[in-house]
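A short worksheet on the structure shown next.
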Amino acid sequence: MTKYIPVIGMEIHVELKTKSKMFCDSKNGLGLETEPNVNICPVCTGQPGTLPVANKKAIEFVQMAGLALNCEIARVSKFDRKNYFYPDIPKGYQISQYDQPLCEHGHVVLEIINNQETITKQIGITRIHMEEDTGKLVHPKGADHSLIDFNRAGVPLMELVTEPDIETGKEARLFCQKLQQIFRYLEISEADMEKGHMRCEVNISLHKEGEEKLSGTKAEIKNLNSFRVVEKAVDYEILRQTEILEKGEKVIQETMGWDEARGITVTQRKKESAHDYRYFPEPDIPPMRFMDEYVENLQRHLPELPDAKYKRFLEEYRLSKENAEVITGDKDLAEYFENVVSEAQEKIQSGEVKSDAEKVIKLAANYMVSELQKHLVKNYQTIKDVKITAENYAELIGILADGKINSSAAQVVLEEMYATGGDPSQIIETKNLAQTNDSGELERIVDEVLVKNQQSVEDFKAGKQSALQFLMGQTMAAAKGKANPGMVMEILRKKIN
Ligand SMILES: [Zn+2]
């Protein structure tokens with residue numbers, strides 16, 4: 081059977097979080113406005129006689145993204161008018177960039193894990209340019225008119241176009257996730273897909289094995305508003321086109337959307353002839369020139385990026401790949417982790433914590449990825465909302481590492497700390513959770529348990545291993561979860577034999 085190979089390219093629009101809009105000093109409300117048309121002025125509503133002034137910060141943000149994505153930064157760049165008429169674009173044109181974008185020829189390297197095996201794949205970035213966002217049309221239900229909200233009109237919008245290097249839904253999703261991570265690290269955008277800060281479009285075509293890469297007809301999928309949907313829509317579209325081609329039919333060039341309820345891509349419109357936007361240089365904004373020193377300075381001031389941080393966390397803290405990935409996946413979580421590590425190191429140096437640094441750091445990471453993450457997910461919160469100070473978190477981990485409380489008690493303490501921001505030592509005292517390492521006390525409890533559970537003792541002696549686990553559970557419960565599990569096991573074995 082003929083094998084069809086998917087060729088996927090993406091176009092990604094990202095709203096930048098500057099203070100003001102792209103070409104005027106109206107506030108960039110980032111869609112958080114509670115009223116329509118509050119952050120507007122004569123410029124962004126396209127009044128006659130107004131002149132645009134380019135937002136320097138927005139241009140800098142795009143260049144930072146370019147540098148982070150290994151692009152060449154143009155030394156000469158300009159704005160162009162993209163002419164088209166639509167009610168959400170009040171000037172009758174959008175200021176964009178045509179033949180001299182700010183950044184070109186970049187790439188991103190993805191790490192893709194397929195059944196235990198990790199492969200790396202490079203996705204080329206053709207260009208990144210700067211433009212302005214449009215207003216929003218609102219269609220009230222049942223009304224015979226539409227309304228327009230210009231709050232978003234003129235918000236700085238970065239457009240990124242990839243090379244057709246992507247081959248699966250998973251790669252498309254990983255690419256978008258990587259971009260979001262990088263933009264958040266750079267603090268140039270929240271890149272939240274659900275909120276429309278980051279919007280992804282996908283172009284997909286299939287070609288026969290051995291044929292030219294771009295010989296197939298492409299369909300475009302728009303309005304993909306989550307990572308999950310990007311992956312599902314791409315995989316679905318690959319299947320749909322494969323079936324068409326296998327039947328000997330032709331793929332139609334069209335724009336599609338994703339129908340979440342049915343889990344399929346649906347036609348939005350058949351592609352008419354290519355738009356002629358009559359691009360021409362924007363006469364109201366002079367071309368831009370960037371000196372080498374300016375670009376070098378931007379490069380020098382880039383923050384540590386996700387890949388570099390991930391590598392450093394593996395080497396410096398000896399974290400597992402999984403833990404390093406989760407922790408460096410969120411810049412704020414990574415920062416919190418590093419604060420915890422430095423607090424823990426102080427406690428070790430001062431002798432407050434007896435365990436060695438490697439053990440404490442590993443435990444801190446494990447608890448962050450499993451326990452803390454669990455509370456974050458449950459409460460729909462991020463690390464920024466967490467009341468637990470790095471110092472208190474380090475204290476809890478130190479107490480746990482030193483065996484002063486056991487793991488189930490630590491989870492109770494963490495839950496209380498999460499809710500109240502309280503001090504771990506105080507919580508342990510109030511809740512009386514300190515681990516019982518007193519062997520006399522534990523022996524007394526074990527004796528009681530053995531008397532009450534003679535049958536299990538017999539079962540164990542007869543070779544039933546699970547009976548020992550049962551007795552262990554009974555003892556831990558009798559000790560109200562405070563017993564040192566290692567000691568309990570030892571006493572149990574000794575007494576039974
Ligand atoms: Zn304005």
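Every letter in the sequence shown is one number past the one before it in the working numbering, and letter 253, counting from 1, is 333. In this text, a Cβ means the ideal position worked out from N, Cα and C, and glycines have one as well.
### Task
Could you name the residues whose beta carbon sits closer than 5 Å to any heavy atom belonging to ligand 1, keeping them in chain order?
Cys104, Ser106, Cys121, Val123, Cys124
### Task
Note down the Cα distance separating lysine 541 from isoleucine 576, rounded to an integer number of angstroms.
Position 461 of the sequence shown, counting from 1, holds the residue named residue 541. Position 496 of the sequence shown, counting from 1, holds the residue named residue 576. Each residue's Cα considered, the two are about 8 Å apart.
### 4-residue-minimum alpha helix (DSSP H) runs that sit fully inside the stretch 283–362, ordered along the chain
307–326
### Query
Is DSSP giving cysteine 183 helix, strand or coil here?
Translated into positions along the sequence shown, residue 183 becomes position 103. Residue state, collapsed to three classes: strand.
### Query
Should proline 122 be flagged as near chain B, meaning a C-beta pair shorter than 9 Å?
Looking at the structure shown, chain B is missing, and only one protein chain is on hand.
### Query
Helix or strand or just coil, what does DSSP make of alanine 559?
In the sequence shown, residue 559 corresponds to position 479, counting from 1. It is coil, neither helix nor strand.
### Task
Can you say whether phenylalanine 417 is buried or exposed, counting buried as having 16 or more other CB atoms within 10 angstroms of its CB?
Position 337 of the sequence shown, counting from 1, holds the residue named residue 417. Counting Cβ neighbours within 10 Å, phenylalanine 417 comes out buried, since at least 16 surround it.
### Query
Does DSSP classify glutamate 251 as helix, strand or coil?
Locating residue 251 in the sequence shown gives position 171, where the first residue counts as 1. DSSP places glutamate 251 in helix when its eight states are reduced to three.
### Option nearest histidine 187 by Cα separation, candidates Ile262, Lys532, Ser546, Tyr359
Residue 187 sits at position 107 when you count from the first residue of the sequence shown. Among Ile262, Lys532, Ser546, Tyr359, the Cα nearest to that of histidine 187 is on Ile262.
### Message
With three or more beta-carbon pairs closer than 8 Å as the criterion, would you say the stretch 298–311 touches the stretch 328–348?
### Response
yes
### Extent of the continuous beta strand (DSSP E) to which valine 218 belongs
Working through the sequence shown from its first residue, we reach residue 218 at position 138. Per DSSP, valine 218 belongs to the beta strand (DSSP E) from 216–218.
### Query
If you follow the beta strand (DSSP E) that arginine 398 is part of, which residue opens it and which one closes it?
Here residue 398 corresponds to residue number 318 of the sequence shown, with the count starting at 1. Per DSSP, arginine 398 belongs to no beta strand (DSSP E) and is neither H nor E.
### Message
Output needed for threonine 322: all residues of its chain with C-beta closer than 7 Å, excluding positions within five of it in sequence on either side, in chain order.
### Response
Walking along the sequence shown from the start, residue 322 turns up at place 242. Around threonine 322: Tyr84, Leu286.
### Task
Would you grab the beta carbon distance between glycine 234 and cysteine 151 for me? Rounded to a whole angstrom, and I think it's under 8 Å.
Stepping through the sequence shown from its first residue, residue 234 is reached at position 154. Stepping through the sequence shown from its first residue, residue 151 is reached at position 71. Not really, about 25 Å apart at Cβ, beyond 8 Å.
### Selected residue, minimal CA-CA separation from valine 118, among Thr198, Pro128, Ser106, Gln127
Along the sequence shown, one-based indexing puts residue 118 at 38. Minimum Cα distance to valine 118 is reached at Ser106.
### Query
Nearest to glutamate 451 by CA position, among Lys434, Val492, Gly483, is which residue?
Numbered from 1 along the sequence shown, position 371 holds the residue referred to as residue 451. It is Val492.
### Query
Buried or exposed: which applies to serine 546, given that a residue is buried once 16 or more other Cβ atoms fall within 10 Å of its Cβ?
Here residue 546 refers to the residue found at position 466 of the sequence shown. When all chains shown are included, serine 546 counts as exposed.
### Task
Taking 9 Å as the cut-off, decide whether the C-beta atoms of aspartate 213 and proline 236 are in contact.
Within the sequence shown, residue 213 is the residue found at index 133, counting from 1. Within the sequence shown, residue 236 is the residue found at index 156, counting from 1. Contact: yes.
### Message
Three Cβ pairs or more, each shorter than 8 Å: is that satisfied between the stretch 251–261 and the stretch 85–100?
### Response
yes
#### Entry: Assigned exposure category for alanine 557 - 16 Cβ within 10 Å defines buried
Taking the first residue of the sequence shown as 1, we reach residue 557 at position 477. Exposed: under 16 other Cβ atoms inside 10 Å.
### Query
Counting only runs that start and end within the stretch 437–518, where is the alpha helix (DSSP H) found for 4 or more residues in a row?
437–447, 453–458, 470–481, 487–500, 504–510
### Message
Rounded to whole angstroms, what is the Cα-Cα separation between valine 375 and lysine 288?
### Response
Your numbering for residue 375 matches position 295 in the sequence shown. Your numbering for residue 288 matches position 208 in the sequence shown. Cα-Cα distance, rounded: 43 Å.
### Task
Can you say whether tyrosine 164 is buried or exposed, counting buried as having 16 or more other CB atoms within 10 angstroms of its CB?
In the sequence shown, counting from the first residue as 1, residue 164 sits at position 84. So tyrosine 164 counts as exposed.
### Query
Around the Cβ of aspartate 179, are there at least 16 other Cβ atoms within 10 angstroms (buried) or fewer (exposed)?
Start at 1 with the first residue of the sequence shown, and residue 179 comes out as number 99. Under this definition aspartate 179 is an exposed residue.
### Task
Within the same chain, show all residues whose beta-carbon is closer than 7 Å to that of isoleucine 268, passing over the 5 residues directly before and after it, in chain order.
As a working note, residue 268 is residue 188 in the sequence shown. Answer for isoleucine 268: Leu96, Lys97, Phe141, Met144, Ala145, listed in chain order.
### Query
CA-CA distance, phenylalanine 393 and asparagine 403?
Residue numbering aside, residue 393 sits at position 313 when the sequence shown is read from its first letter. Residue numbering aside, residue 403 sits at position 323 when the sequence shown is read from its first letter. Whole-angstrom Cα-Cα distance: 9 Å.
### Task
Would you please state the rounded distance, in angstroms, between the beta carbons of tyrosine 447 and isoleucine 485? I believe it to be under 8 Å.
Within the sequence shown, the letter at position 367 stands for residue 447. Within the sequence shown, the letter at position 405 stands for residue 485. Incorrect: roughly 12 Å between the Cβ atoms, too far for contact.
### Distance between glycine 409 and alanine 499 (C-alpha atoms, nearest Å)
Counting from one through the sequence shown, the residue named residue 499 turns up at place 419. Counting from one through the sequence shown, the residue named residue 409 turns up at place 329. Their Cα atoms are separated by approximately 24 Å.
#### Entry: CB contact flag (histidine 185, threonine 198, <9 Å)
The sequence position of residue 185 within the sequence shown is 105, counting from 1. The sequence position of residue 198 within the sequence shown is 118, counting from 1. In this structure, threonine 198 does not lie closer than 9 Å to histidine 185 by Cβ.
### Message
With three or more C-beta pairs closer than 8 Å as the rule, is the stretch 130–141 touching the stretch 356–369?
### Response
yes
### Task
Return the CA-CA distance between aspartate 387 and lysine 158, expressed in angstroms with no decimal places.
As a working mapping, residue 387 is identified with position 307 in the sequence shown. As a working mapping, residue 158 is identified with position 78 in the sequence shown. Cα to Cα, aspartate 387 sits roughly 32 Å from lysine 158.
### Task
Under 8 Å by Cβ, that's how I've got serine 100 and asparagine 135 pegged, so tell me the actual separation to the nearest angstrom.
Here the question's residue 100 lines up with position 20 in the sequence shown. Here the question's residue 135 lines up with position 55 in the sequence shown. Rounded, the Cβ-Cβ distance is 6 Å, consistent with contact.
### Task
Drop a sphere of 10 angstroms on the beta-carbon of phenylalanine 360, count the other beta-carbons inside from all chains shown, and report buried for 16 or more, exposed for fewer.
Here residue 360 refers to the residue found at position 280 when the sequence shown is read from its first residue. Phenylalanine 360 is exposed by the Cβ-count criterion.
### Task
With DSSP as the reference, label lysine 541 as helix, strand or coil.
Translated into positions along the sequence shown, residue 541 becomes position 461. Of the three classes helix, strand and coil, the one that applies to lysine 541 here is helix, per DSSP.
### Task
With DSSP as the reference, label threonine 130 as helix, strand or coil.
What you label residue 130 is simply residue 50 of the sequence shown in a count that begins at 1. Here threonine 130 sits in coil by DSSP.
### Query
Unbroken alpha helix (DSSP H) runs of length 4 or more, entirely within the stretch 81–152: which are they?
136–148
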